[in-house]
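First the structure, in the form of structure tokens, and then the observations on it.
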């Protein structure tokens, strides 16, 4: 296999023609194999033979996460004996959704991560320390492992958490790349500084980030990324992925957006009315999967707000790049005349040294307005009275408004951050309507 498929370097016209050929095959496939889409086509009197271009795809209604929850088995296109692996979404916004994968789907997943790690300049000479779980039906750890195997890189499966164990592994095995949640990097830096570990001269040269943004809406590094880079001379690479798309968008060495792999995914960005936005404008990402055998999706609304960069990248690829995810559609907060998303609040708290942990909560006032509250656990020896003014100043400076601030014991917030059966840290809870 070449380092990258030729289609990624082809002209926009060739990429469109390539994807339309893939689309026609997909439409025929789901019309024959998918109970859900077969019924959908009949209900809306959709002529499947008339879906030939990317523009024609807009004649098909959107698929939502609720559709998959309510009709989960109807999305399955293969006999259950062909299912090799079963995954679920994280359930961040509700009940986790089940996804089945065949052997071909696992190979597609491996190819995707092979391409993604190559985007970040990782190759067979690297050793990658995976600081995320492979259990609990989680796709990311499995996908990374399969992709790194295909790449031929060394793999150290350490899992999440426990800074002491992470540093023991780094110092003994000398990985060149870390793959982890970016906010955890701060914790391992703090541990290194507290324990006199010379982290600035260790083997790590790159960090591939998942699960949290390291970029502002304009593509510049956010506060979290800047603080990491100010302390540690490493290269940070932003990624974006989801279980539903089984595809990643990863930055190359030019750090100007996550690269789209046109052989794996058709993408649209739409406004609140479902109409396509222009390149550079923000809207909701909608995806159609290519090459998925067990549970392909047509026009799935991810709920994630982003933009698309269409100019060619300096690395030579002509496929578009995805901008930073600025938030989720149903998590937008309108607070004191300001519209914002939870990641902007996270960024302030992640970069406040005396904050140990936190939970951001959104509630409704008696008159139906959004109320933004932040529960904060302070590091040992720090008192709320000593830092409340500084916290308010930080919020006003970076997000223009100040949420209601409560101080709680660190252990109490930790339990809220890690509820039973959760695979990911919970930092935001929407209590509106509860």
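Residue numbers (the numbering used here): 1 to 434.
Note that beta-carbon positions come from the ideal geometry of N, C-alpha and C, so glycine has one too.
- Sequence-distant partners of residue 308 (beyond 5 residues in either direction) whose C-beta falls short of 8 Å from its own C-beta, in its chain, are 267, 269, 279, 280, 320, 321, 322, 323.
- In the three-state reduction of the DSSP assignment, residue 119 falls in the helix class, which pools H, G and I.
- Under the three-state reduction of DSSP, residue 358 is assigned to strand.
- DSSP lists 361 as the bridge partner or partners of residue 429.
- Residue 256 and residue 222 have their C-alpha atoms spaced approximately 14 Å apart.
- Going by beta carbons, residue 363 and residue 373 fall inside the 8 Å limit.
- In chain order, 146, 147, 150 place their CB closer than 6 Å to the CB of residue 110, counting only its own chain and leaving out the 5 sequence neighbours on each side.
- When secondary structure is reduced to three states using DSSP, residue 406 falls in the strand class.
- Cβ neighbours of residue 401 within its own chain (closer than 6 Å, five residues either side excluded): 335, 336, 338.
- Around the C-beta of residue 230, fewer than 16 other C-beta atoms lie within 10 Å, and the residue is accordingly described as exposed.
- Fully enclosed beta strand (DSSP E) runs of no fewer than 3 residues occupy 300–306, 333–335, 338–340, 355–364 of the region 296–364, in order along the chain.
- Assignment of beta strand (DSSP E) within the region 182–210, counting only whole runs of 3 or more residues, yields 206–209 in chain order.
- Counting the other Cβ atoms within 10 Å of the Cβ of residue 310 gives fewer than 16, which makes it exposed.
- In the three-state scheme derived from DSSP, where H, G and I count as helix and E and B as strand, residue 81 is classed as helix.
- Counting along the chain, no beta strand (DSSP E) covers residue 400, and no H or E run does either.
- Residue environment analysis places residue 254 among the exposed positions, since fewer than 16 neighbouring C-beta atoms fall within 10 angstroms of its C-beta.
- Counting C-beta pairs with one atom in each stretch, the region 163–179 and the region 116–128 have three or more that are closer than 8 Å, which means they touch.
- By a beta-carbon distance limit of 8 Å, residue 302 contacts residue 242. Their separation comes to about 6 Å.
- Following the DSSP letters along the chain, one finds residue 99 inside the beta strand (DSSP E) bounded by residues 98–101.
- Proximity to residue 67 across 419, 155, 37 peaks at 37, based on C-alpha coordinates.
- The three-state reading of DSSP puts residue 221 in strand, counting E and B together.
- Relative to the Cα of residue 89, the nearest Cα in the group 83, 98, 81 belongs to 98.
- Rounded to the nearest angstrom, the Cβ distance from residue 191 to residue 131 is 13 Å, too far for a contact under 8 Å.
- In the three-state reduction of the DSSP assignment, residue 108 falls in the helix class.
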